[in-house]
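With numbering that gives the first Met the number 0, the residue at position 121 of the sequence shown is 120, and numbering never jumps. All residues carry an ideal CB built from backbone N, CA and C; glycine is no exception. These numbers come from a predicted model, not from an experiment.
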Amino acid sequence: MGSSCRRFHSPRETASQSGLTEGGVALSATGRLGRVDPSCAPLAAGRVVLSLYRSTVLNVSGFPPVARAVRRYGFRLGARRFVAGHDVEEALPALRELEGAGRTVIVDVLGEYVSDVERARAMAVDVAATIDALHAAGIPPVVSLKPTQLALALDTRVASDLAIDLARRAEGHGGRIALDMEDVRYVDGTLDLLRALWDAGLTRSSGVLQAYLHRTPDDLEALLEATPDVSSMELRIVKGAYHESPDVAFHDVPTIRRAYVALAERAWRAGAKVNVATHDDGIITELAAYARGAGLGPERIEFQLLYGMKPKLQADLVQAGHSVRIYVPVGRDWYGYFSRRLAERPANLALVLRGLVR
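As structure tokens, this is what we get:
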């Protein structure tokens, strides 16, 4: 039985049309033709190895002695590359530097899976203080929230009340909140929470969809139906970084890429704004080409990249005229986030290992 390996583009071929590349990626591409890659077997083997690497890192990160050691020494070993500071005041120089370089920011006050409601209320106080500090510093307070840090897993009413209070605070200062998406157990609750924000008139609040989940196309349709005004609807699309079962999530990279692109194109056809949150060169090329061909401006597409990741790509996207927002984590509860970044790319783990021998 024959098979083929399709890519979104040949990046260098597309780059020759656009004249702008970063690591072989065309940032303002006009072509949309894929081609067959003859090296299917090596590519497939590489994907298997990467999948095994990711699973291993996530499993090891859950081992208590490893977690204790990394929490103790992580900032010295390389965590500071991915986490801007222990609080927003410590992170302000990095935030100002990003804004001065033509990017905007979204700040994530790290924390997830709180164990009691009082801890969730304390987290909400920290987030409120972050919103106020950003406003005082002249930085629009766009803040990412993980619903489980607001007690979603414990009491949905508490989570809703806290989220509504924080969204009102952010919008009152000219900002907004973005509900992050966590593991599959909390997808329904998170989508319900987003609808509750919309029902409360907080329509600038946005959510995240994970391309690797089987259910996500249906979730997108449900949100398109529920939004009060699709033209003001804003969605962040990510690949997905949690260690999910094959029963609920795709694990092979080409399928996840196709799912990602299909979600973005569907949201655009409906009239929504899409925040393209990925470092995947193929996806960036594909969606930049689509947006250019469809005449979509910054009110309909924004590229979002993680703090500390691919700074040259960030700069090249800005230079190409794209809207670029950097996701900047701050806080002391950084271990879970840091572990997922290490699991994404062997190069990230290599950075930490080099720190051990310096």
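To the nearest angstrom, report how far apart residue i and residue j are at their CA atoms.
{"i": "residue 233", "j": "residue 297", "result": "12 angstroms"}
{"i": "residue 322", "j": "residue 276", "result": "12 angstroms"}
{"i": "residue 177", "j": "residue 302", "result": "15 angstroms"}
{"i": "residue 82", "j": "residue 284", "result": "27 angstroms"}
{"i": "residue 122", "j": "residue 166", "result": "14 angstroms"}
{"i": "residue 245", "j": "residue 238", "result": "15 angstroms"}
{"i": "residue 175", "j": "residue 134", "result": "12 angstroms"}
{"i": "residue 290", "j": "residue 86", "result": "36 angstroms"}
{"i": "residue 206", "j": "residue 252", "result": "23 angstroms"}
{"i": "residue 332", "j": "residue 183", "result": "21 angstroms"}
{"i": "residue 195", "j": "residue 80", "result": "35 angstroms"}
{"i": "residue 286", "j": "residue 269", "result": "16 angstroms"}
{"i": "residue 162", "j": "residue 202", "result": "13 angstroms"}
{"i": "residue 256", "j": "residue 189", "result": "23 angstroms"}
{"i": "residue 236", "j": "residue 117", "result": "31 angstroms"}
{"i": "residue 152", "j": "residue 292", "result": "42 angstroms"}
{"i": "residue 365", "j": "residue 223", "result": "For the chain, the structure presents residues 0 to 357; residue 365 sits outside this window and is missing."}
{"i": "residue 185", "j": "residue 208", "result": "12 angstroms"}
{"i": "residue 114", "j": "residue 199", "result": "27 angstroms"}
{"i": "residue 98", "j": "residue 172", "result": "18 angstroms"}
{"i": "residue 96", "j": "residue 250", "result": "36 angstroms"}
{"i": "residue 88", "j": "residue 142", "result": "15 angstroms"}
{"i": "residue 241", "j": "residue 193", "result": "20 angstroms"}
{"i": "residue 110", "j": "residue 312", "result": "28 angstroms"}
{"i": "residue 281", "j": "residue 288", "result": "11 angstroms"}
{"i": "residue 306", "j": "residue 325", "result": "6 angstroms"}
{"i": "residue 278", "j": "residue 101", "result": "18 angstroms"}
{"i": "residue 310", "j": "residue 319", "result": "14 angstroms"}
{"i": "residue 120", "j": "residue 304", "result": "29 angstroms"}
According to DSSP, which residues form a beta bridge with residue i?
{"i": "residue 307", "result": "Bridge partners of residue 307: none, in fact."}
{"i": "residue 326", "result": "105, 305"}
{"i": "residue 360", "result": "Residue 360 lies beyond the residue range present for the chain, which begins at 0 and ends at 357; the question has no answer from this structure."}
{"i": "residue 143", "result": "107, 177"}
{"i": "residue 273", "result": "234, 300"}
{"i": "residue 248", "result": "212"}
Going by DSSP in three states, residue i sits in which element: helix, strand or coil?
{"i": "residue 198", "result": "helix"}
{"i": "residue 300", "result": "strand"}
{"i": "residue 208", "result": "strand"}
{"i": "residue 255", "result": "helix"}
{"i": "residue 33", "result": "Reliability of the predicted coordinates at residue 33 is poor, the pLDDT of 39 falling under 50, and the value obtained from them is presented with this limitation in mind. Coil at residue 33, not helix or strand."}
{"i": "residue 82", "result": "coil"}
{"i": "residue 114", "result": "coil"}
{"i": "residue 155", "result": "helix"}
{"i": "residue 189", "result": "helix"}
{"i": "residue 134", "result": "helix"}
{"i": "residue 279", "result": "coil"}
{"i": "residue 347", "result": "The predicted model places residue 347 with a pLDDT of 48, which falls under 50 and marks its position as unreliable; any figure quoted below should be read in that light. It is helical."}
{"i": "residue 243", "result": "coil"}
{"i": "residue 226", "result": "coil"}
{"i": "residue 332", "result": "coil"}
{"i": "residue 149", "result": "helix"}
{"i": "residue 203", "result": "coil"}
{"i": "residue 292", "result": "helix"}
{"i": "residue 99", "result": "helix"}
{"i": "residue 171", "result": "helix"}
{"i": "residue 182", "result": "coil"}
{"i": "residue 319", "result": "coil"}
Which whole-angstrom value is the C-beta distance of residue i and residue j, which I expect to be below 8 angstroms?
{"i": "residue 327", "j": "residue 93", "result": "7 angstroms"}
{"i": "residue 169", "j": "residue 146", "result": "Contact doesn't hold; Cβ gap of about 16 angstroms is too wide."}
{"i": "residue 179", "j": "residue 144", "result": "6 angstroms"}
{"i": "residue 104", "j": "residue 130", "result": "Residue 104 to residue 130, Cβ: 13 angstroms. No contact."}
{"i": "residue 126", "j": "residue 108", "result": "5 angstroms"}
{"i": "residue 150", "j": "residue 329", "result": "Their Cβ separation, rounded to whole angstroms, is 21 angstroms, which puts residue 150 and residue 329 out of contact at 8 angstroms."}
Given the structure, does residue i come close to the ligand NAD, in the sense that its CB is under 7 angstroms from one of the ligand's heavy atoms?
{"i": "residue 294", "result": "Summarising the ligand content, the structure contains no ligands, and the ligand NAD is consequently not present."}
Three Cβ pairs or more, each shorter than 8 angstroms: is that satisfied between the region 156–166 and the region 211–223? They do not touch, by the three-pair rule.
So, does the region 224–232 touch the region 252–265, judging by three or more C-beta pairs under 8 angstroms? no
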